[in-house]
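Student: One structure is given below, represented as structure tokens, and several questions about it will come after.
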Amino acid sequence: MISSIANTLLSWYAQHKRTLPWRNTHDPYAIWVSEMMLQQTQVNTVLPYYERFLEEIPTVHDLAYIDDEKLMKQWQGLGYYSRVKNMKKAALIVVNEMNGKFPSTWENIIRLPGIGEYSAGAILSIAYDLPYPAIDGNVMRVFARLVNEEEEVTNPKIKQKMKEVIKKTLPPIRCGDYNQALMDLGATICLGNGVPKCGMCPLNACCKAYDQGTQTLIPRKVPKKERIIEEWMILLIHHHEKWLIHQRSSEGLLASMWEYPMIPIGSQKNVLSFCESFGFIVDSLHPARIETHLFTHKKWIMTSWIMKVTTDKVLPKGYVWATLDDIHEIYSLATAYEPFTHLLLENKVVERLK
Ligand code: SF4
């Protein structure tokens with residue numbers, strides 16, 4: 002079974018592969034960009050970002066020296082911002098320590114920030130046709146079903162066992178195509194959310210789960226942890242055609258992204274205390290929209306307050322007054338705050354403050 006998987010999948014891939022822009026190149030930089038963007042993110046979401054990113058930042062040298070704010074703007078909306086911060090750190094290493102040449106060996110590529118075993122295998126196999134596997138959750142699911150693995154594949158022992166099985170299937174050449182065929186099979190046929198399309202699967206003749214009718218039970222689901230709920234008040238503070246925004250800490254969730262000021266849930270009194278601490282005189286104030294945002298482990302419930310203030314005080318470090326054009330073009334606000342920017346863009350929102 003193992004020896005025929007690669008041949009079968011490569012033939013299937015030749016006919017059914019998805020047309021994706023990063024498949025028209027062997028440039029390791031472009032493939033790296035695509036792999037970083039695709040982590041935790043759907044292909045359709047990535048497509049416009051990928052093309053724009055390569056237009057604006059076409060080489061690893063450009064990435065190493067790009068202004069941080071411009072870089073974050075390119076990533077705005079993709080989430081998981083540590084990915085792009087690591088990319089810049091990695092680009093600096095490539096430029097300063099590797100003569101600007103993207104590494105083509107396991108030892109060098111795995112040194113780069115943000116590149117783990119999956120990404121290293123994907124880049125080396127796709128860009129250089131080297132025989133490394135690229136094993137992510139999708140590939141693990143396909144193989145768990147092929148061998149009818151009944152234990153949880155997140156168990157380190159089982160994971161290691163599955164990796165050994167997958168490695169044995171690698172073809173000596175066209176390993177990049179093989180890895181991409183597995184990715185496509187996992188994304189389009191051997192589905193994780195929803196029923197796998199076994200009738201259309203090129204591997205159904207050798208799939209033990211299909212044979213035994215257990216394909217929807219495998220891989221065994223690990224119970225999900227409940228998300229922690231946090232409640233915040235978002236302060237939309239208007240002064241002289243501008244809105245107050247704040248740069249988050251360089252550590253932790255949404256590090257270095259911009260936000261509308263936010264304070265733990267409370268009452269109007271807490272909003273007024275915040276304004277007072279900045280020396281703002283509040284001319285008008287009213288509650289606005291409530292929004293929620295889901296992170297992997299957290300749920301934010303955000304109640305917004307919109308207000309107009311008068312002030313001649315200098316802002317503390319990390320705060321700026323920004324027009325809506327500035328917010329659109331210069332500052333990278335995380336997706337969680339997007340509904341509030343839309344609110345501010347609505348007609349008459351400022352008039353209602355008068
Ligand atoms: S036959 Fe079904 S379960 Fe098995 S690999 Fe194909 S799609 Fe997945």
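In the numbering used here, the protein residues as written are 2 to 355.
Beta carbons: idealized from backbone N, C-alpha and C, even for Gly.
1) Alpha carbon to alpha carbon, how far is G319 from L325? Give it in angstroms, no decimals.
2) Check V223 in the structure and name its three-state DSSP category.
3) Between Y179 and ligand 1, is the CB less than 7 Å from at least one heavy atom?
4) Hey, is A92 close to ligand 1, as in C-beta under 7 Å from one of its heavy atoms?
5) If you follow the beta strand (DSSP E) that E231 is in, where does it begin and where does it stop?
6) Could you give the first and the last residue of the continuous beta strand (DSSP E) run that contains D284?
7) Would you kindly work out how many angstroms separate the C-alpha atoms of L72 and V85, rounded to a whole number?
8) Does the distance between the C-beta of Q216 and the nearest non-hydrogen atom of ligand 1 fall short of 7 Å?
9) Compare the C-alpha of C276 against each of A128, P317 and S251 and name the closest.
10) Looking at ligand 1, does it come within less than 7 Å of C208, judged from the CB to the closest heavy atom?
11) What residue range does the alpha helix (DSSP H) around Q369 cover?
12) Comparing the CB of V154 with every heavy atom of ligand 1, is any distance shorter than 7 Å?
13) Take G280 and list the residues in its own chain whose beta-carbon comes closer than 7 Å to its own, dropping the five residues that flank it on each side.
14) Mind checking whether the beta-carbon of P22 lies closer than 7 Å to any heavy atom of ligand 1?
15) Please classify G138 as buried or exposed, where buried requires at least 16 other C-beta atoms within 10 Å of its C-beta.
16) Can you tell me whether H329 is helix, strand or coil according to DSSP?
17) When burial is assigned at 16 or more other CB atoms within 10 Å of the CB, is N194 buried or exposed?
18) Expressed to the nearest angstrom, what Euclidean distance is found between the alpha-carbon atoms of S274 and H247?
19) Among Q161, M263, V310 and R175, which one has its Cα closest to the Cα of I282?
20) Can you tell me the Cα-Cα spacing of V223 and I58, whole angstroms?
21) Can you find a heavy atom of ligand 1 that lies under 7 Å from the Cβ of C176?
22) Should A256 go down as buried or exposed, given a rule of 16 or more other Cβ atoms within 10 Å for buried?
23) In the DSSP output, which residue or residues are listed as bridge partners for V95?
24) What are the boundary residues of the beta strand (DSSP E) that K164 is part of?
25) Which value, in whole angstroms, describes the spacing of the CA atoms of I116 and L334?
26) Exposed or buried, I353, counting other C-beta atoms within 10 Å across all chains shown (16 or more means buried)?
Tutor: Considering the structure as presented:
1) 18 Å
2) coil
3) no
4) no
5) I229 to H240
6) I282 to L295
7) 8 Å
8) yes
9) P317
10) yes
11) The structure shown does not extend to residue 369, since the chain spans only 2 to 355, so no value can be given for it.
12) no
13) T312 and K314
14) no
15) exposed
16) helix
17) exposed
18) 17 Å
19) V310
20) 39 Å
21) no
22) exposed
23) BP columns for V95 are empty, so no partner.
24) Looking at the DSSP string, K164 is not in any beta strand (DSSP E); the run it does join, the alpha helix (DSSP H), is P157 to K169.
25) 26 Å
26) Position check: residue 353 holds Arg in this sequence, whereas Ile was assumed. The residue in question, R353, is exposed, as its Cβ has fewer than 16 Cβ neighbours within 10 Å.
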